[in-house]
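*Asks:*
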Amino acid sequence: MSERYLFIFDRSPDGCVLVPDGKPLPRDARPEFEHLLEISGPVSRLDENCDMWGLAAKDSLTPCGYKFVSRQDLAGRFGMDLFVRSGAAFQVMSLYANNKFCGRCGEPMRDQERDLARECPKCGRLVFSSLYPAVIVAVEKDGALLMGHNASFPDGRYSVLAGFVEPGETLEQTVVREIYEESKIKVKNIRYFCSQPWPFPASMMLAFNADWESGDPTADGDEITDVRWFSPRDIPPEISLPPVMSVSRMLIEDWKRRRARGV
Ligand SMILES: [Zn+2]
């Protein structure tokens with residue numbers, strides 16, 4: 577097995593990655609950083625081109641010439657491939673770091689032999705990597721796109737609406753509920769678009785298109801502070817869109833392309 581990259585995460589909730597200042601990310605750098613790590617391991621026990629992960633120890637210092645950067649910044653500096661691979665490494669790291677002991681009986685947990693999972697040798701509890709499914713939806717009415725400003729966004733940022741799936745819901749039910757909660761718009765004709773792992777810390781984004789059925793855009797005033805229809809040629813210059821690697825931006829760009837073709 578040849579290890580490829582070693583992704584060392586800090587202890588922030590979204591897992592910033594250690595990168596060298598002004599140089600490419602090193603490969604097979606494990607021995608150099610071993611002393612920094614609290615725990616470490618492979619991303620997969622099956623993959624020939626396996627990446628490694630490590631969690632920086634609580635009081636470890638950042639090595640000279642290196643710094644921790646967000647994984648979105650990693651995409652900007654080193655490309656989408658490392659963004660995706662560091663996300664997978666972060667999720668596997670989280671499986672280990674968050675499941676040292678059984679949450680039901682307190683026994684130390686161990687690796688499960690068959691799957692990428694942790695198991696409790698005492699009560700048999702099995703824990704897989706966390707994945708939180710969320711829908712994200714491009715709602716259209718007469719060619720206009722519904723976008724909102726989330727209270728957590730930077731100033732001027734607008735995006736298509738999104739929300740987490742609740743227990744017992746189908747994805748289609750989540751689409752209807754979330755869009756209504758955030759905009760008071762009812763939607764119909766829901767179509768699957770694509771999916772994207774978004775490990776900040778563990779979301780799985782499931783993107784859909786949908787058509788307006790009834791209602792006027794009305795922000796909930798809490799999570800969403802403004803929501804409105806946009807036409808492709810009428811996005812004001814002060815409005816910023818989500819990062820290009822995000823599925824929300826893919827939905828918006830798909831809408832723009834279709835409008836340009838008059839579809
Ligand atoms: Zn247990």
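Each residue of the sequence shown is one higher than the last, beginning at 577 in the numbering used here.
C-beta: ideal position from N, C-alpha, C; glycine also.
On the three-state DSSP scale, how would you describe Lys-762?
*Replies:* Residue state, collapsed to three classes: strand.
*Asks:* Please give me, in chain order, every unbroken run of the beta strand (DSSP E) with length at least 3 that falls completely inside the region 679-717.
*Replies:* Runs of the beta strand (DSSP E) inside the region 679-717: 693-695, 702-704 and 708-717.
*Asks:* List the whole-angstrom C-beta distance separating Phe-666 from Gly-591, where the pair is believed to meet the contact cut-off of C-beta under 8 Å.
*Replies:* Indeed they touch by this definition, with Cβ atoms about 4 Å apart.
*Asks:* Closer than 5 Å between the C-beta and any heavy atom of ligand 1: which residues qualify, listed along the chain?
*Replies:* Counting every residue whose Cβ lies closer than 5 Å to a heavy atom of ligand 1, we get Cys-678, Arg-680, Cys-681, Glu-683, Cys-696, Lys-698, Cys-699 and Arg-701.
*Asks:* Between which two residues does the beta strand (DSSP E) carrying Ala-778 extend?
*Replies:* Run containing Ala-778: none; DSSP gives neither H nor E here.
*Asks:* Starting from Tyr-672, trace the alpha helix (DSSP H) both ways and give me its first and last residue.
*Replies:* 656-673 is the extent of the alpha helix (DSSP H) around Tyr-672.
*Asks:* Using only CA atoms, which one of Pro-813, Leu-594, Pro-589 and Ser-588 lies nearest to Tyr-581?
*Replies:* Nearest C-alpha to Tyr-581: Leu-594.
*Asks:* Using three-state DSSP, classify Ala-836 as helix, strand or coil.
*Replies:* Looking at Ala-836 - three-state DSSP - the assignment turns out to be helix.
*Asks:* Are the C-beta atoms of Ala-783 and some chain B residue less than 7 Å apart?
*Replies:* Protein chains in the displayed structure number just one, and chain B is not present.
*Asks:* Between the beta-carbon of Ser-790 and the beta-carbon of Lys-762, is there less than 7 Å?
*Replies:* Yes, these two residues count as a Cβ contact at 7 Å.
*Asks:* From Val-741 to Ala-727, what does the alpha carbon distance come to, in whole angstroms?
*Replies:* Answer to the nearest angstrom: the Cα atoms are 20 Å apart.
*Asks:* For Ile-860, which three-state DSSP category applies?
*Replies:* Because the chain spans 577 through 839 in this model, residue 860 falls outside it and cannot be assessed.
*Asks:* Could you give the DSSP three-state label for Glu-789: helix, strand or coil?
*Replies:* It is a strand residue.
*Asks:* In this structure, does DSSP put Thr-750 in helix, strand or coil?
*Replies:* Three-state DSSP puts Thr-750 in a helix.
*Asks:* Can you have a look at Arg-647 and say buried or exposed, based on whether 16 or more other CB atoms are within 10 angstroms of its CB?
*Replies:* By the neighbour-count rule (16 or more Cβ atoms within 10 Å), Arg-647 is buried.
*Asks:* Can you list, in chain order, the residues of its chain whose CB lies under 6 Å from that of Glu-758, leaving out five sequence neighbours each side?
*Replies:* The residues are Leu-737, Asp-796 and Ile-800.
*Asks:* Runs of 3 residues minimum, wholly inside the region 590-620: which ones carry the beta strand (DSSP E) assignment?
*Replies:* As far as the region 590-620 is concerned, its whole beta strand (DSSP E) runs of at least 3 residues are 593-596 and 613-618.
*Asks:* Taking 7 Å as the threshold (C-beta atoms), are Phe-654 and Leu-601 in contact?
*Replies:* It is a contact, given that the beta carbons lie within the stated cut-off.
*Asks:* Quick one: Cα of Leu-817 to Cα of Leu-671, how far?
*Replies:* So the alpha carbons of these two residues sit roughly 32 Å apart.
*Asks:* What residue range is occupied by the uninterrupted beta strand (DSSP E) comprising Asn-726?
*Replies:* Start and end: 720-726.
*Asks:* Ordered along the chain, which non-local residues of its own chain (more than five positions away) have a Cβ less than 6 Å from that of Phe-583?
*Replies:* So the list reads Val-593, Trp-629, Ser-662 and Ala-665, once near-sequence residues are dropped.
*Asks:* For Ser-824, which of helix, strand or coil comes out of DSSP?
*Replies:* In the structure shown, Ser-824 sits in a helix (DSSP, three-state: H, G or I).
*Asks:* Taking the CB atoms as reference points, tell me whether Ala-710 and Met-821 lie closer together than 7 Å.
*Replies:* Not closer than 7 Å, so no.
*Asks:* Could you pull the start and end residues of the beta strand (DSSP E) that Tyr-642 belongs to?
*Replies:* Looking at the DSSP string, the run of the beta strand (DSSP E) that includes Tyr-642 is 642-645.
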